[in-house]
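According to our numbering, the sequence shown is numbered sequentially starting from 90.
Every residue gets a Cβ at the ideal spot worked out from N, C-alpha and C, and that includes glycine.
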Amino acid sequence: MERWRKQLQKSVTHVDELAKRFDISPEALRKVEQTFKMKITPYYLSLIEKKNDPIYRQVVPDERELENHGLYVDPLAEDEDSPVNNIVHRYPDRCLFLISPVCGSYCRFCTRKRKVGDPEKINRNFIDEGVDYIRSHPEIRDVILSGGDPLMLSDAKLEAILQKVRAIPHIQIIRIGTRMPCFLPHRITTKLVKMLKKYHPLYMNVHFNHPRELTPLAVKALGRLADAGIPLGNQTVLLKDVNDDPQTMKLLVQKLLQARVRPYYIYQADMVFGTDHFRTRVEKGLEIIKSLRGWTSGLAVPHFVIDAPGGGGKIPLLPEYVQSITDTEVVMRNYAGKIFRYTQPIGKSRPTQHRVAKEETTDSLFDEVDQTLLVDDLVF
Numbered sequence: 090m091e092r093w094r095k096q097l098q099k100s101v102t103h104v105d106e107l108a109k110r111f112d113i114s115p116e117a118l119r120k121v122e123q124t125f126k127m128k129i130t131p132y133y134l135s136l137i138e139k140k141n142d143p144i145y146r147q148v149v150p151d152e153r154e155l156e157n158h159g160l161y162v163d164p165l166a167e168d169e170d171s172p173v174n175n176i177v178h179r180y181p182d183r184c185l186f187l188i189s190p191v192c193g194s195y196c197r198f199c200t201r202k203r204k205v206g207d208p209e210k211i212n213r214n215f216i217d218e219g220v221d222y223i224r225s226h227p228e229i230r231d232v233i234l235s236g237g238d239p240l241m242l243s244d245a246k247l248e249a250i251l252q253k254v255r256a257i258p259h260i261q262i263i264r265i266g267t268r269m270p271c272f273l274p275h276r277i278t279t280k281l282v283k284m285l286k287k288y289h290p291l292y293m294n295v296h297f298n299h300p301r302e303l304t305p306l307a308v309k310a311l312g313r314l315a316d317a318g319i320p321l322g323n324q325t326v327l328l329k330d331v332n333d334d335p336q337t338m339k340l341l342v343q344k345l346l347q348a349r350v351r352p353y354y355i356y357q358a359d360m361v362f363g364t365d366h367f368r369t370r371v372e373k374g375l376e377i378i379k380s381l382r383g384w385t386s387g388l389a390v391p392h393f394v395i396d397a398p399g400g401g402g403k404i405p406l407l408p409e410y411v412q413s414i415t416d417t418e419v420v421m422r423n424y425a426g427k428i429f430r431y432t433q434p435i436g437k438s439r440p441t442q443h444r445v446a447k448e449e450t451t452d453s454l455f456d457e458v459d460q461t462l463l464v465d466d467l468v469f
């Protein structure tokens, strides 16, 4: 048996198994466990240093998951945009294809708590129905395989789906959304990577929320994927008392870049029933973006988005860098808070003296140099 399957078999699946280790009352959490399953891989469990630390909070049930704060079972209205089983078709040229009902571990803030962990609600019997839908909709050029976690499938079952999707002429790219490099990096085997390479252009979005999740083992797994030519993006959920401070997020995005993963999204936590204790104010996300832009590499700055409740899709949010826009200028504030002005183009009425001044400046710099330059003469 493969190492990653052995790890899964040893996963902690009941709160009773955590009671002594973290001094918690299993009686208080059994109702939570019945509402949304619990599973933690031994590897991810080993990253927990103490009760209520950022790793603990993501996977250990909490009584607050039963509280009703007026949130939603299906906050993104995915079921309304599901024309057939296992397909969510919201955007014009791409769709979500749910191919696995289970995950390596269960995030307590999961958007699909209503479905994940239930093979009847994300049923593999509907895979062919999903493939037929994609085949019959030529406007779809991009398919995102999700679930649950697609990498919970065996290599053979995953490849069978990839073959069917890749065989559709109008499909340009395939994306896989997975948290396995975080929860169970052992899953990223040489055999898996060799198989995935056959289905390029193939992209992968991984999910790391905290710098401590980027262990040497996780970084090695990400490296295998990157070496296979699979572009990697990371999707982070902004979570209270997990990563809701600028320094933690800055360290996370910098470590992701070192691991050859492009920070892609920071999500404002979805309005999922039972997750209010994870949500921060939106201003916190904007503060974090301000702390990143200009203060670290542009490559490390993800988009901060709200996946709009009711099915509105992802809406990007930015701090107010533009102070004003008029016909003549744009007034902007940079990352350090300084004000700068950009003059709007005047078009055909632009005074000729601007051109003359530029020519005079150029001549003064190159008055002994032949002005006829070829592109090959330029040094870039």
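(Q) By DSSP's criteria, V326 is part of a beta bridge. Which residues make up the other side? (A) Position 237 of the sequence shown holds residue 326. Note: V326 sits in a beta bridge opposite Y356.
**Q.** Best match in D416, R422 and K427 for proximity to G436 [C-alpha to C-alpha]
**A.** Walking along the sequence shown from the start, residue 436 turns up at place 347. Residue D416 is the option with its Cα nearest to G436.
Q.
Given a cut-off of 7 angstroms on the beta-carbon distance, is the pair K210 and F125 in contact?
A. Along the sequence shown, one-based indexing puts residue 210 at 121. Along the sequence shown, one-based indexing puts residue 125 at 36. Result no, Cβ atoms of K210 and F125 do not sit closer than 7 angstroms.
Q. Looking at the unbroken beta strand (DSSP E) that takes in Q412, where does it start and where does it end?
A. To locate residue 412, count along the sequence shown from 1; it is residue 323. From DSSP, the beta strand (DSSP E) with Q412 extends over V411 to I414.
(Q) Below 8 angstroms, how does it come out for the stretch 303-320 and the stretch 346-364: are there three or more Cβ pairs, yes or no? (A) yes
Q. Roughly how many whole angstroms lie between the Cα atoms of G426 and Q433?
A. Residue 426 sits at position 337 when you count from the first residue of the sequence shown. Residue 433 sits at position 344 when you count from the first residue of the sequence shown. Distance between the alpha carbons of G426 and Q433: 22 angstroms.
Q | C-alpha gap between P391 and I378, whole angstroms | A | Counting from one through the sequence shown, the residue named residue 391 turns up at place 302. Counting from one through the sequence shown, the residue named residue 378 turns up at place 289. About 8 angstroms.
Q. Cβ of E209 less than 7 angstroms from any chain D Cβ?
A. Protein chains in the displayed structure number just one, and chain D is not present.
Q | Alpha-carbon spacing of C199 relative to F429, whole angstroms | A | Translated into positions along the sequence shown, residue 199 becomes position 110. Translated into positions along the sequence shown, residue 429 becomes position 340. Distance between the alpha carbons of C199 and F429 is about 42 angstroms.
**Q.** the stretch 167-179 contacting the stretch 117-136, beta-carbon criterion three pairs below 8 angstroms
**A.** When C-beta atoms of the stretch 167-179 are compared with those of the stretch 117-136, fewer than three pairs fall below 8 angstroms, so the two segments do not count as touching.
Q) Hey, how far is the Cα of W384 from the Cα of Y354? A) Start at 1 with the first residue of the sequence shown, and residue 384 comes out as number 295. Start at 1 with the first residue of the sequence shown, and residue 354 comes out as number 265. Each residue's alpha carbon lies about 18 angstroms from the other.
Q. To the nearest whole angstrom, what separates the beta carbons of P190 and P164, a pair I think is in contact under 8 angstroms?
A. The sequence position of residue 190 within the sequence shown is 101, counting from 1. The sequence position of residue 164 within the sequence shown is 75, counting from 1. Contact flag wrong, Cβ pair sits at about 19 angstroms.
Q | Alpha carbon of Y431 to alpha carbon of L375, nearest angstrom | A | Within the sequence shown, the letter at position 342 stands for residue 431. Within the sequence shown, the letter at position 286 stands for residue 375. Straight-line Cα distance between these residues: approximately 24 angstroms.
Q. Under 7 angstroms, do E154 and G363 count as touching if we go by C-beta distance?
A. By one-based count along the sequence shown, residue 154 stands at place 65. By one-based count along the sequence shown, residue 363 stands at place 274. It is a contact, given that the beta carbons lie within the stated cut-off.
Q: Measure the CB-CB distance between Q324 and N294 and report whether it falls below 7 angstroms.
A: The residue labelled residue 324 in the question sits at position 235 within the sequence shown. The residue labelled residue 294 in the question sits at position 205 within the sequence shown. It is a contact, given that the beta carbons lie within the stated cut-off.
Q: Could you check how far apart the C-beta atoms of C271 and A249 are, in whole angstroms? I think they sit under 8 angstroms.
A: As a first step, residue 271 is located in the sequence shown; it is residue number 182 there, counting from the start. As a first step, residue 249 is located in the sequence shown; it is residue number 160 there, counting from the start. Contact doesn't hold; Cβ gap of about 25 angstroms is too wide.
Q. How many whole angstroms separate the CB atoms of A389 and P335, which I take to be in contact at a CB cut-off of 8 angstroms?
A. By one-based count along the sequence shown, residue 389 stands at place 300. By one-based count along the sequence shown, residue 335 stands at place 246. A389 to P335, Cβ: 13 angstroms. No contact.
Q: Report the rounded CA-to-CA distance for Q96 versus T102, giving the unit in angstroms.
A: Reading the sequence shown from its first residue, position 7 is the one you call residue 96. Reading the sequence shown from its first residue, position 13 is the one you call residue 102. When only Cα atoms are considered, Q96 and T102 end up about 12 angstroms apart.
Q: Please go through the same chain and pick out, in chain order, the residues whose beta-carbon is closer than 6 angstroms to the beta-carbon of P290, but skip the five residues on each side of it.
A: Position 201 of the sequence shown, counted from the first residue, corresponds to residue 290. For P290, where only same-chain residues beyond five positions count, the Cβ hits under 6 angstroms are I262.
Q: Starting from A307, trace the alpha helix (DSSP H) both ways and give me its first and last residue.
A: Sequence index remark: in the sequence shown, residue 307 carries index 218 (1-based). Start and end: P305 to D316.
Q | Proximal residues to L242 (C-beta, below 8 angstroms), its chain only, five neighbours per side dropped | A | Sequence index remark: in the sequence shown, residue 242 carries index 153 (1-based). Annotation for L242: I188, S189 and I250 place their beta carbon closer than 8 angstroms to its own, counting only its chain and skipping 5 residues before and after.
Q) Expressed to the nearest angstrom, what Euclidean distance is found between the alpha-carbon atoms of T267 and I395? A) Residue mapping note: residue 267 aligns to position 178 of the sequence shown, counting from 1. Residue mapping note: residue 395 aligns to position 306 of the sequence shown, counting from 1. Straight across, the Cα-Cα distance linking T267 with I395 is about 20 angstroms.
Q: Could you tell me which residues DSSP puts in a beta bridge with R264?
A: By one-based count along the sequence shown, residue 264 stands at place 175. Per DSSP, I233 and Y292.
Q: Determine the contact status of Y222 and V173, defining contact as a CB-CB distance below 7 angstroms.
A: For the purposes of this step, residue 222 is identified with residue 133 of the sequence shown, where counting begins at 1. For the purposes of this step, residue 173 is identified with residue 84 of the sequence shown, where counting begins at 1. Yes, these two residues count as a Cβ contact at 7 angstroms.
Q: Go ahead and pull the three-state DSSP assignment for M241.
A: The residue given as residue 241 occupies position 152 in the sequence shown. If DSSP states are grouped into helix, strand and coil, M241 belongs with the helices.
Q) So what does Y161 bridge to, in DSSP terms? A) Position 72 of the sequence shown holds residue 161. DSSP output for Y161 lists V361 as bridge partner(s).
**Q.** Residues bridged to D396 [DSSP beta-bridge criterion]
**A.** Mapped onto the sequence shown, residue 396 falls at position 307. For D396, which the question treats as bridged, DSSP gives the partners K403.
Q: Kindly indicate which three-state DSSP category V101 falls into: helix, strand or coil?
A: For the purposes of this step, residue 101 is identified with residue 12 of the sequence shown, where counting begins at 1. Strand.
(Q) I need the boundaries of the alpha helix (DSSP H) containing T432, first residue and last residue. (A) Indexing the sequence shown from 1 puts residue 432 at position 343. Per DSSP, T432 belongs to no alpha helix (DSSP H); it is in the beta strand (DSSP E), I428 to T432.
(Q) Here's the rule I'm using: 16 or more other beta-carbon atoms within 10 Å means buried, otherwise exposed. How should G206 be labelled? (A) Here residue 206 refers to the residue found at position 117 when the sequence shown is read from its first residue. G206 comes out buried.
Q. What does a CB cutoff of less than 7 angstroms around R92 pick up in its chain, not counting 5 residues either side in sequence?
A. As a position in the sequence shown, residue 92 is number 3, starting the count at 1. Excluding residues within five positions, the ones whose Cβ falls inside 7 angstroms are H275.
Q) When DSSP builds the beta bridges, which residues end up paired with I129? A) As a first step, residue 129 must be located in the sequence shown, where it is residue number 40. Per DSSP, V101.
Q. To the nearest angstrom, how far is it from the Cα of V162 to the Cα of R110?
A. Mapped onto the sequence shown, residue 162 falls at position 73. Mapped onto the sequence shown, residue 110 falls at position 21. Near 31 angstroms, if we compare the C-alpha coordinates of R110 and V162.
Q) What does E418 pair with, by DSSP beta-bridge criteria? A) If you number the sequence shown from 1, residue 418 lands on position 329. Beta-bridge partners assigned by DSSP to E418: T432.
**Q.** Beta bridge counterpart(s) of S189 as assigned by DSSP
**A.** As a working note, residue 189 is residue 100 in the sequence shown. DSSP lists G236 as partners of S189.
Q) Any idea what DSSP makes of T124, helix, strand or coil? A) In the sequence shown, counting from the first residue as 1, residue 124 sits at position 35. Here T124 sits in helix by DSSP.
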